[in-house]
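Okay, so the sequence shown: first residue is 1 according to full-length UniProt numbering, each after it adds one.
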Amino acid sequence: MADKKTALVISAHAADFVWRCGGAIALHQEKGYEVTVACLSFGERGESAKLWKQEGMTLERVKAARKEEAENAAAALGVNDIRFLDLGDYPLKLDEEAKFRMVDIIREVQPKWMMSHSKWDPYNTDHMYTTQFALECRMIAQAWGHNPGQKVLGAPQLYLFEPHQTEQMEWKPNVFLDITPVWDKKRAAIECMQGQEHLWNFYTNVAENRGNHFRRNSGGQAGGRDCRYAEGFQAIFPQTVDELA
Ligand SMILES: [Zn+2]
């Protein structure tokens with residue numbers, strides 16, 4: 001139990017985790033991690049345009065459809081556990097009750113690392129407020145005075161996954177993860193997102209481009225590692241090491 005390797009992804013909307021870190025999820029599941037995905041909302045109002053164009057659509061039907069897609073995608077990635085907090089979207093309602101619910105999840109999961117969105121997203125404030133929310137909940141989960149007696153959180157890294165419209169987001173990757181071994185799982189998860197078919201090839205191209213950055217930063221022509229698909233992340237906190245590499 002003490003050695004259980006766990007990770008937590010905090011996704012503003014139901015599909016975000018698929019495009020942005022589906023490879024990291026599938027890869028770590030294969031490495032023996034138990035990855036929990038917390039979807040703060042279903043993206044029911046803001047990221048479901050294709051469904052809303054259908055005649056007679058209702059909010060509940062959109063939420064149900066988005067939930068099913070996310071569950072199918074999570075299954076394709078081998079996700080250990082997916083939680084839906086149903087906090088509403090556009091805008092997300094990140095009140096104190098929501099924070100304490102998330103802190104409970106963080107303390108229960110005790111993640112070795114966490115993931116969320118970029119710190120800045122002028123196109124989609126739900127995303128950047130989710131990052132603030134993740135940082136705040138991480139901080140509360142570390143506080144010995146919050147629900148004394150519970151196991152407090154250590155200091156898991158918070159990785160910010162790649163946003164849409166990357167260049168506008170003040171997001172700068174400092175970690176590249178080779179996801180080539182699990183690319184087929186990520187693509188299968190992407191194809192579960194029936195409502196956003198226009199993004200399928202876009203995110204395949206992103207993964208190929210990040211694969212190129214992986215090759216360049218692992219040595220390039222001078223002995224770099226081969227890599228066809230990768231994901232980029234921005235780590236927030238310093239690493240603590242015994243030896244520089
Ligand atoms: Zn989103």
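Glycine residues also receive a C-beta, built at the ideal position from the N, C-alpha and C atoms.
- Under the DSSP assignment, I106 falls outside any beta strand (DSSP E), being part of the alpha helix (DSSP H) whose first and last residues are 96-109.
- Rounded to the nearest whole angstrom, the C-alpha separation of T131 and L158 is 9 Å.
- Using a cutoff of 7 Å, the CB of D126 counts as near ligand 1, since one of the ligand's heavy atoms is closer than that.
- A12 sits away from V35, with the two beta carbons spaced by 8 Å or more.
- Contact between E47 and V182 is ruled out by a C-beta separation of about 24 Å, above the 8 Å threshold.
- Nearest to A38 by alpha-carbon distance, out of F17, M169, F202, is F17.
- Sequence-distant Cβ neighbours of G195 in its own chain, meaning closer than 6 Å and more than five residues away, are S48, K50, L51.
- For T125, the enclosing alpha helix (DSSP H) stretches over residues 125-141.
- With a contact defined as Cβ atoms closer than 8 Å, G43 and A24 miss out at about 20 Å.
- For L77, the CB contacts under 6 Å within the same chain, skipping 5 residues up- and downstream, are G22, I25, A26, K185, A189 in chain order.
- Boundaries around E231 are those of the beta strand (DSSP E), 230-235, since no alpha helix (DSSP H) includes it.
- Checking the 7 Å criterion, the Cβ of G195 is out of range of every heavy atom belonging to ligand 1.
- With respect to the C-alpha of D81, the residue from Y33, M57, L59 having the closest C-alpha is Y33.
- Contact fails between the stretch 107-125 and the stretch 62-74, because fewer than three Cβ pairs, one in each stretch, are under 8 Å apart.
- DSSP, read as helix, strand or coil, puts Q150 in strand.
- One thing to note: P148 has its Cβ no nearer than 8 Å to the Cβ of E162.
- The continuous alpha helix (DSSP H) containing E208 extends over residues 200-217.
- Annotation for W144: V152 place their beta carbon closer than 7 Å to its own, counting only its chain and skipping 5 residues before and after.
- Considering only E170, L135, Q168, E167, the residue with the shortest C-alpha distance to P156 is L135.
- Bounds of any alpha helix (DSSP H) do not take in C39; it lies within the beta strand (DSSP E) bounded by 34-39.
- Under the three-state reduction of DSSP output, R225 falls in the coil class, being neither helix nor strand.
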